[in-house]
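Let me begin by presenting the structure, written as structure tokens, before commenting on it.
Numbering (our numbering), first residue to last: 46 to 215.
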């Protein structure tokens with residue numbers, strides 16, 4: 046009877062370890078995807094190539110970030126642009142130079158706001174990465190405990206097998 050119980054427990058431990066290893070692989074992949082995504086948005090210049098290379102799990106998040114950040118930045122830059130003193134631009138008589146000056150100011154306002162959006166997104170990603178790291182540590186601890194339990198159970202299984210083995214007398 047002991048042989049059966051120990052065999053069952055060893056197989057349960059192996060199954061639990063397999064499940065934990067699967068979860069760990071998934072968490073490691075999520076962490077790597079988050080790091081790649083964070084590096085992509087940190088550049089501040091997200092291209093279609095970047096969008097095509099982002100993992101499927103973060104594609105929707107990146108598209109959402111691009112849309113919301115662009116909208117927010119454009120509105121903030123427009124608002125700030127309306128507050129710029131028009132008299133400062135009146136000194137420029139050439140219309141092309143005046144437009145170039147306005148575009149330069151608008152671009153600076155836009156980039157400042159984009160940097161703030163990137164910082165906010167990076168902060169959110171860091172929080173998510175910290176949660177993933179905590180989950181990884183928890184699972185690794187559980188895995189090491191299961192390794193120890195498996196060794197103990199395997200030892201007990203070996204002893205039970207020796208006890209139940211038939212002994213022939215010559």
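The C-beta atom is built at its ideal place from N, Cα and C for all residues, glycine as well.
Remember, it's a predicted structure, so these values are computed and weren't measured experimentally.
DSSP places residue 91 outside both helix and strand once states are collapsed to three, so it counts as coil. Under the DSSP assignment, residue 112 falls in the alpha helix (DSSP H) whose first and last residues are 101-127. Counting C-beta atoms within 10 angstroms of its own C-beta, residue 82 has 16 or more neighbours from the protein chains shown and is therefore classed as buried.
For residue 187 against residue 65, the beta-carbon gap comes to about 6 Å, under 8 Å, which counts as contact. A straight line joining the alpha-carbon of residue 48 with that of residue 165 spans about 58 Å. Here the alpha carbon of residue 212 sits roughly 45 Å from the alpha carbon of residue 69. As the crow flies, the alpha-carbon of residue 112 is around 10 Å from that of residue 106. Per DSSP, the continuous alpha helix (DSSP H) segment holding residue 203 begins and ends at 140-209. Between residue 121 and residue 154, the beta carbon gap of about 7 Å places them in contact (Cβ cut-off 8 Å).
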